[in-house]
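J.:
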Amino acid sequence: MKELKTLSGLPVPPIGLGTFPLQGREMADTVLAAAQIGYRLIDTSDDYRGETGIGIACSELYQKTGLEREDLFFQTKISQDNSYWDDPLDGVWFNPNSIHQKLHTVRDVVREKISISLREMKTQYIDSVLIHYPFPGYYYEIWEELISLKNEGIIRYIGVSNFFQKHIEVIKKSGEIPAINEVFFSPLCTRENLLSFLNNNNIMPLCYSPLLGVKGKIAEEALSQIMNKYNKSLSQIILRWHVDRGCIPIPKSKNKNRLKENFSILDFSLTKEEVQYINSFNQDFVVAAESLYCPGI
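What follows is the structure in structure tokens.
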């Protein structure tokens, strides 16, 4: 499987597996099935409750597939979640109104979160850790601690999620540019300016929920000629559109047939004209409106 690489040397498979909201045994079985199909990039977050499932899958995975840890790319995220902590206080992290946060430094929270992720996933290192959102007043300090963890070899690559250009410009002042920005892209939300900015800064774009809303708003008839040309489904055409724009889609499914269908997009490419045609469906659609704690996704 051909890898996509940034100039920083980030080796990322051209399609990954989204896992929210899978947990436990269901998560483990899905990771096993996906790895046997050919998936190598597994995406999760510390607030998805899925890291334990990766840990369950690991020993079985290496035995059943012959794969080694180095063959896989595990990615998790730093969120506001605090449910794993042995602490009687309720609350969230990275929020100025949280009493919970006032009792701990940001750097200590980040380091402990990574320690928990390592334990849950039963791994000595994590391939990629992202800041889940640009938490106002906190994301730069979170970023600085991720840089330290990367320098220690605990994390191979560090990146961000749901960040706009204005947020990335801030953390660029640290001297460390994110390897990844995982955001929502869609034929309904092409975000050409953001994509261009990421490309110009050698930041790999990843896309979660790459098929969200597409089937409801883009009729198969609109892409029937392209589908017939390549003998592919609507979902496969859209996933390939992401890849041909230089973006790595991470669709979620636990169904083995759907996992196979989603993965079967590496044997063809769309033309530039076809990519532009699909771009024309853009509606600037967003999942959530922008607010203080959400940049608009």
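The opening position of the sequence shown corresponds to residue 514 in our numbering, with each subsequent residue numbered one higher.
Ideal Cβ placement from N, Cα and C applies to all residues, glycine included.
Note that this is a predicted model, so its numbers are computed, not measured.
So, for V799: in the same chain, excluding its five sequence neighbours on each side, which residues have a beta-carbon less than 7 Å away from its beta-carbon?
T.: Only C702, G809, I810 meet the Cβ criterion.
J.: Counting along the chain, where does the alpha helix (DSSP H) carrying C720 start and finish?
T.: Element bounds for C720: not the alpha helix (DSSP H) but the beta strand (DSSP E), 717-721.
J.: Which term fits I612, buried or exposed, when burial requires 16 or more other beta carbons within 10 angstroms of its beta carbon?
T.: By the 10 Å Cβ count, I612 comes out exposed.
J.: Run through DSSP, which three-state label would L554 get?
T.: Strand at L554.
J.: Along the beta strand (DSSP E) that carries E653, what are the first and last residues, could you check?
T.: The sequence as given places Tyr at residue 653; Glu does not occur at that position. It is not in any beta strand (DSSP E) - Y653 instead sits in the alpha helix (DSSP H) that spans 652-664.
J.: When burial is assigned at 16 or more other CB atoms within 10 Å of the CB, is S687 buried or exposed?
T.: S687 comes out exposed.
J.: Mapping the DSSP letters down to three states, classify V800 as helix, strand or coil.
T.: Coil.
J.: Once you ignore the five residues that flank D797 on each side, which residues in its own chain have a CB closer than 7 Å to its CB?
T.: Same-chain partners within the cutoff: C702.
J.: Out of I761, E682, L662, E657, state which residue places its alpha-carbon closest to the alpha-carbon of I778.
T.: Of the listed residues, the one whose Cα sits closest to I778 is I761.
J.: What are the boundary residues of the alpha helix (DSSP H) that T565 is part of?
T.: It spans 564-578 - the alpha helix (DSSP H) in which T565 sits, taken as one unbroken run.
J.: Using only the alpha-carbon positions, how far apart do V525 and Y790 sit?
T.: Going by the C-alpha atoms only, they are around 27 Å apart.
J.: For a test of the three-state rule: what should DSSP assign to W598, helix, strand or coil?
T.: Bear in mind that a pLDDT of 48 at W598, under 50, signals an unreliable position, so the model cannot answer this.
J.: S746 by DSSP, collapsed to three states: which one?
T.: Three-state result, S746: coil.
J.: Considering only the alpha carbon of each residue, which of G537, E573, F794, F586 lies closest to T565?
T.: Out of G537, E573, F794, F586, G537 has the C-alpha closest to the C-alpha of T565.
J.: Can the beta-carbon of I815 be found closer than 8 Å to that of Y653?
T.: Past the boundaries of the shown model lies residue 815; the chain is included only from 514 to 810, so the question cannot be answered.
J.: For G711, tell me which candidate among N694, F698, L725, S699 has the shortest Cα-Cα distance.
T.: Here the sequence assigns Leu to residue 711, which means Gly is not the residue at that position. Selected option, being the one with the closest Cα: N694.
J.: Assuming N775 is part of the alpha helix (DSSP H), what are its boundary residues?
T.: Unbroken alpha helix (DSSP H) run through N775: 769-776.
J.: Who are the Cβ neighbours of C720 in its own chain at under 6 Å, not counting the five residues just before and after it?
T.: Excluding positions up to five away in sequence, the list reads F698, H755, C760, P762.
J.: What does the alpha-carbon distance come out to for the pair T543 and D640?
T.: Computed Cα separation, rounded: 19 Å.
J.: Looking only at DSSP bridge pairs, what is Y670 linked to?
T.: Answer is S641, bridged to Y670.
J.: Measure how close the beta-carbons of L772 and A547 come, nearest whole angstrom, since I'm counting them as under 8 Å.
T.: That pair is a contact at about 6 Å.
J.: Could you name the residues that DSSP lists as bridge partners for P762?
T.: Per DSSP, C720.
J.: Go through its chain and collect everything with a Cβ distance to C571's Cβ below 6 Å, but skip five positions before and after it.
T.: Correct list, in chain order: K635.
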